[in-house]
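Q:
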Amino acid sequence: MSKDIKNALQLYRDCLRLADYVSLKQGNRAALRQELRRSFEQHRGLTDPQAIDNAKDAAVRGLRNFFVHEAQNLAKKETEGKPNPDINILE
11 MSKDIKNALQ
21 LYRDCLRLAD
31 YVSLKQGNRA
41 ALRQELRRSF
51 EQHRGLTDPQ
61 AIDNAKDAAV
71 RGLRNFFVHE
81 AQNLAKKETE
91 GKPNPDINIL
101 E
């Protein structure tokens, strides 16, 4: 199996895992997986190495954006209810 195909399969599996994780929160597993599969199928016939790299980069960007969004939500939840150390209420 060529390196490009192996990388694409790994990326597809990573996206499927993310879809499963997201669906735990939103309850739409089948729809997410179907959309993901459709997107990968749409790009299956790509032969131009630059186009393949662009498609993979877009998928990785999507994964990264999701994780950044989740990290920001987690940070926001952790800081809610905690006093702001920059504000002195005793003044």
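Quick note, the sequence shown lines up with residues 11 to 101 if you use our numbering.
Where is the CB? At the ideal position from N, CA and C, for every residue including glycine.
What does the alpha-carbon distance come out to for the pair Asp121 and Glu45?
A: The structure shown does not extend to residue 121, since the chain is modelled only from 11 to 101, so the question has no answer here.
Q: Leu42 and Ala29: beta carbons closer than 7 Å?
A: For the purposes of this step, residue 42 is taken as the residue at position 32 of the sequence shown. For the purposes of this step, residue 29 is taken as the residue at position 19 of the sequence shown. Cβ atoms of Leu42 and Ala29: closer than 7 Å.
Q: Helix, strand or coil: how does DSSP classify Thr57 here?
A: Sequence index remark: in the sequence shown, residue 57 carries index 47 (1-based). Correct three-state label for Thr57: coil.
Q: Output needed for Asn75: all residues of its chain with C-beta closer than 7 Å, excluding positions within five of it in sequence on either side, in chain order.
A: Position 65 of the sequence shown holds residue 75. Nothing listed; no residue qualifies.
Q: Out of curiosity, what's the CA-to-CA distance linking Lys66 and Glu90?
A: Residue numbering aside, residue 66 sits at position 56 when the sequence shown is read from its first letter. Residue numbering aside, residue 90 sits at position 80 when the sequence shown is read from its first letter. Taking the straight line from one Cα to the other gives about 36 Å.
Q: Could you check how far apart the C-beta atoms of Leu73 and Asp24 are, in whole angstroms? I think they sit under 8 Å.
A: In the sequence shown, counting from the first residue as 1, residue 73 sits at position 63. In the sequence shown, counting from the first residue as 1, residue 24 sits at position 14. Between Asp24 and Leu73 the Cβ distance is about 7 Å, and since that is below 8 Å, they are a contact.
Q: Where do the N-terminal and C-terminal ends of the alpha helix (DSSP H) with Glu90 fall, by residue?
A: Mapped onto the sequence shown, residue 90 falls at position 80. Here Glu90 belongs to no alpha helix (DSSP H), and DSSP marks it neither H nor E.
Q: Could you spell out the range, first to last residue, of the alpha helix (DSSP H) harbouring Ser49?
A: Here residue 49 refers to the residue found at position 39 of the sequence shown. Looking at the DSSP string, the run of the alpha helix (DSSP H) that includes Ser49 is Arg39 to Gln52.
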